[in-house]
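For reference, the structure is listed below as C-alpha cells.
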Amino acid sequence: MTGEVEGAVVIRRIGRPGDLGWVVQAHGELYAREFGFDSRFEAVVLEIMASFTRRDPEREAGWIAELNGRRVGCILCVRADDDDSGETAKLRVLLVHPDGRGHGIGGRLVDTCLAFARSVGYQRMKLWTTDQQVVAQKIYTDRGFALTGKRPNATLSATDLFYALDLTV
C-alpha cells in the first residue's frame, strides 16, 4: 500500500515557508466568499500575522492543520496586549477551510491552543469573533468559553462577540 492515509490530519507549528501568507490568504478568500467581508478584514488578519512574527516564542505559538499534506486550518495563541500582568492569552485566527471540515479540525486546533496556553502559565484566554461564525462559537462554548460582551461592527456588517475562559479550572 502506498500514498497517504485518506483523511490524515496533522497539527503542526507554524513555521514553514508560506504558512503566514496562507493564513492571510485563506482568511481573505474564505471570509469574502462565506460572509461577504471585504479586504479590510484581510488587512486585519495581515496585521495580526505581522505582529505574530515578533512574538515571544516561549509564550506565543501558532499551528497549521494539514489534511493529506494540504493546509486546511490555523490558529494562534498570543499574549493579550491589554493585560499588563501577562496572565491573559488571546486565541486568534481560527479557521478551517471547507476542504478540512468534518474532520474535527476546529476542535483539535482549539484544544491544542488551550493546552499550550495552560502549559506556559496563562490564567485566562479571550477571543473575538462575529455572530456569523456559528460553528466556531459552538467549539468555544463546548470548551467552557463564556460570552462577555458584544457590539455592532459596521465595517463587517456583523456583531462582534467577545468570549473568555478561565484556564485555571
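Oh and the sequence shown: position 130 is 129 in numbering that gives the first Met the number 0, straight run, nothing missing. Beta carbons are placed, not taken as given, at the ideal position from N, Cα and C, and that holds for glycine.
Inset, instruction - Report yes or no: do the segment 30 to 46 and the segment 150 to 158 share at least 3 C-beta pairs separated by less than 8 angstroms? - result: Touching, per the Cβ criterion.
Legend entry - For D165, three-class secondary structure by DSSP: Assignment of D165 by DSSP, reduced to helix, strand and coil, places it in the strand class.
Inset, instruction - Evaluate G20 with the Cβ neighbour count: other Cβ atoms within 10 Å of its Cβ, from every protein chain shown; 16 or more gives buried, anything less gives exposed. - result: It is exposed - the Cβ of G20 has fewer than 16 other Cβ atoms within 10 Å.
Legend entry - Cβ pair V77, F51 closer than 9 angstroms: In this structure, F51 lies closer than 9 angstroms to V77 by Cβ.
Inset, instruction - Quick one: using the 10 Å Cβ neighbour count with 16 as the cut-off for buried, is K149 buried or exposed? - result: It is exposed - the Cβ of K149 has fewer than 16 other Cβ atoms within 10 Å.
Legend entry - Whether R123 touches A60 by CB criterion (9 angstroms): Pairing R123 with A60 gives a Cβ-Cβ distance that is not under 9 angstroms.
Inset, instruction - Determine the direct distance from the alpha carbon of G105 to that of A135, and round the result to whole angstroms. - result: Each residue's alpha carbon lies about 8 angstroms from the other.
Inset, instruction - Over the uninterrupted beta strand (DSSP E) stretch that includes V119, give me the two end residues. - result: First-last for V119: undefined, no H or E at that position.
Inset, instruction - Can you tell me which of the three DSSP states G2 falls into? - result: Unreliable placement is indicated for G2, whose pLDDT of 38 sits below 50; the coordinate value is still reported in the next sentence. Three-state result, G2: coil.
Legend entry - Straight-line gap, D83 to L126 (C-alpha atoms, nearest Å): When only Cα atoms are considered, D83 and L126 end up about 17 angstroms apart.
Inset, instruction - Look at the Cβ atom of I13, then the Cβ atom of L113, and state whether they are nearer than 9 angstroms. - result: Contact flag unset, no.
Inset, instruction - In the DSSP assignment, find the beta strand (DSSP E) that holds T52 and state where it starts and stops. - result: Following the DSSP letters along the chain, one finds T52 in no beta strand (DSSP E), marked with neither H nor E.
Inset, instruction - Going by DSSP, name the residue or residues bridged to G213. - result: There is no way to answer for residue 213, as the model of the chain reaches only from 0 to 168.
Legend entry - Between the CA atoms of V168 and R15 - distance to the nearest angstrom: A direct Cα-to-Cα measurement between R15 and V168 gives close to 34 angstroms.
Inset, instruction - Between the Cα of F144 and those of D18, D159, D165, spot the shortest distance and give me the residue it belongs to. - result: For the residues D18, D159, D165, the minimum Cα distance to F144 belongs to D165.
Legend entry - 6 angstroms Cβ shell around M48 - same chain, five flanking residues per side excluded: Excluding residues within five positions, the ones whose Cβ falls inside 6 angstroms are L19, V22, V23.
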